[in-house]
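Asker: In terms of the numbering used here, the sequence shown opens at residue 83 and continues consecutively.
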Amino acid sequence: MTDALKEAVRLNSLISYDEEFLSCDRERLILVKDNICTVDYDTTCASRVLEGYRPAYDATAVAKLRNSGFRILGKTNMDEFAMGSTGETSVFGPILNPCDDTRVAGGSSGGSAVAVKVGLVDYALGSDTGGSIRLPASYCGVVGIKPTYGRVSRYGLISYASSFDQIGVLAKDSLSAAYILDVICGVDKRDATSVERRMDESFVSLCDGSIEGLRIGVPTRLKVDDGVRDSIDKALNLLRECGAVIVDIDLELLHEALAAYYIIACAQASSNLARYDGIKYGKGLEYMGEEVVKRMKLGEYVLSAGFYDEYYMKALKLRRVISEQYIKIYGDVDIIAGPVAPGIAPKLHEYKNGLNMYMCDIYNISANLLGLPALSVPIFPSDGMPVGLSLMGKHWCEGDILRVAHKIEGSVNIR
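(1) Taking the DSSP output, what are the residues bridged to Gln248?
(2) Curious, which full-length beta strand (DSSP E) runs of at least 3 residues does the region 284-321 contain?
(3) Let's test the definition: count the other Cβ atoms within 10 Å of the Cβ of His488 and tell me whether it reaches 16, buried, or not, exposed.
(4) Which residue from Ser313, Tyr343, Ser244 puts its Cα closest to that of Pro468?
(5) Measure from the alpha carbon of Asn354 to the alpha carbon of each residue in Tyr242, Leu367, Val286, Tyr393, then state which is nearest.
(6) Taking Cβ positions, are Val300 and Leu318 nearer each other than 9 Å?
(7) Can the beta-carbon of Leu252 be found less than 9 Å from the beta-carbon of Ala195?
(8) Between which two residues does the alpha helix (DSSP H) carrying Met83 extend?
(9) Who are the near neighbours of Arg110 in its chain, counting only those whose CB is closer than 7 Å to its CB and skipping five residues on each side?
(10) Which of the three DSSP states is assigned to Leu367 in this structure?
(11) Under 9 Å, Cβ to Cβ, is there at least one residue of chain B near Tyr394?
(12) At which residues does the alpha helix (DSSP H) containing Gly481 begin and terminate?
(13) Taking all protein chains shown into account, do 16 or more other C-beta atoms lie within 10 angstroms of the C-beta of Arg497, making it buried, or fewer, making it exposed?
(14) Let me check understanding here. Comparing Cα to Cα, which of Ala339, Ala397, Arg92, Leu257 lies closest to Glu491?
(15) Within its chain, find whatever has a CB closer than 6 Å to the CB of Ser276; leave out the 5 residues flanking it on each side and keep chain order.
(16) Distance check for Leu340 and Leu400, CA to CA, integer angstroms please.
(17) Roughly how many angstroms separate the alpha carbons of Leu155 and Glu406, rounded to a whole number?
(18) Return the bridge partner residues of Asp330 from the DSSP annotation.
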C-alpha cells in the first residue's frame, strides 16, 4: 500500500478500490464518485439503501474514460445521495480534510477532492448539484469544475435533483481538469438533456492564452470571513496585473436564490428517491439517513396540495427572474468571480444546525440554477487552510474560466 493510498484510507475518502491498478500509468488512472455507475464496483451513493448494488452498465462518462484507456481505481466517499455540504452524512462515516483532519472535507464530492489532494490520483469524477464539486475543492485545495448543464451526459448518474445535477471533475490543476473534460464531454442519445456543441479547440488548448481585456465581475456586499476576503482581494489583484478588467456588480437576489434552489432541489429529490421502496432492489426508505429524509419531507411538503403554488411554483418563477438578472450582468462581463464559501472548512460536527450547512452553498447554487459553468481554483490560504476562488462563466464558455484559473496557477505558488 502506497503512502498516498494509506492517507486516502485514513481520511476515509474511499469506499472501494483495486490496489493492483496503482501500478498502471498514472495519467490513465482515475477515481469515480459513488453515485456514478460502474460495472466493476458497487454504486451505493454512500447509503444503506443501495448496499451491495452492482450496476449492469457504466455511466456514459465512465464508458468514455474506459474507451480512452483509463483504469477506474475505485469509488470515492460522499454525502449520502449527494445531500450534504460537509461530507459528514455518508453511511461510511465522515470524510476528513487532508489539510487538518479535525475539519470537514466538504461535500458532497469530498472523497474525490481528498484523494486528489493527497496525491493518490491526478483527477477524479464528481457530481455537482449545488456546489458539490466546488465546495470540497475549495476546502481541500484542488481544482473542481462543474461544466455547463448538458455538456456531459448524466446517463448513469444517480439523480438527486435532475435539473441541477451535472458530472464534473476534481483535479490537481486546471490543465488536468481540462484533460478529463475533453474526454467525457459530448452529446449522448441516452440523456435528452445533453447537447452537442462543436469545439474548434480542446479544453486543454483553451487553458493557454492571454486574459488581457477579459471583464471579470465581482459581487459587492458579500458576507465572508476577513481571511477569505483578503485571499480573494489578492487573487483579483493578480488578475488585474495580468490585464483583466475588474468590475463591481450587484447580485440582488443572492439570498433568494438559495431559498429557490432548496425548494426546487428537494421537490425533485422527493420524486427521484421515491423509487427506492425496497420492492425491486435493496432496502426501503426507512434506511435513509436523517439529512436525506429531511430533504425528501421538505420536497413532499412543497409539492403537496395547497402548497404547490405557494412554494414550488414561486420558486420556479424566481428561477426565471434570477436568470434574467444574470443575462443582464453577463451583457457587461465575461466571468463572475468571488468566494466559493464564506469561510474555510468548518470543524467536524460544527454545523449541528442544518441551515448553517445550507449557507455554505450560497455562492455556488446560482451556477446550478442557471446551468452555468463554474470552477473553484485554490488561491492564497487563510489560517493555513485552503481558500478557493469561484469563477463562473457564460453558457458553454468553460474555456474562459479554465484560462483564468490557469493564469492564477502560473502567477504564484499557492499550494
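Glycine is no exception: its CB is placed at the ideal position from the N, C-alpha and C atoms.
Answerer: Here's the rundown:
(1) Asp210
(2) 297-301
(3) buried
(4) Ser313
(5) Taking only the C-alpha atoms, the option nearest Asn354 is Tyr242.
(6) Taking 9 Å as the cut-off, the Cβ atoms of Val300 and Leu318 count as close.
(7) yes
(8) From DSSP, Met83 is part of no alpha helix (DSSP H); its letter is neither H nor E.
(9) Gly151, Phe152, Arg153
(10) helix
(11) No chain B appears in this structure, which consists of one protein chain only.
(12) 480-493
(13) Confidence at Arg497 is low in this model, with a pLDDT of 48, below 50, so its placement is unreliable and no value can be given for it.
(14) Leu257
(15) Gly232, Ser235, Val269, Asp270
(16) 11 Å
(17) As the crow flies, the alpha-carbon of Leu155 is around 43 Å from that of Glu406.
(18) Val300
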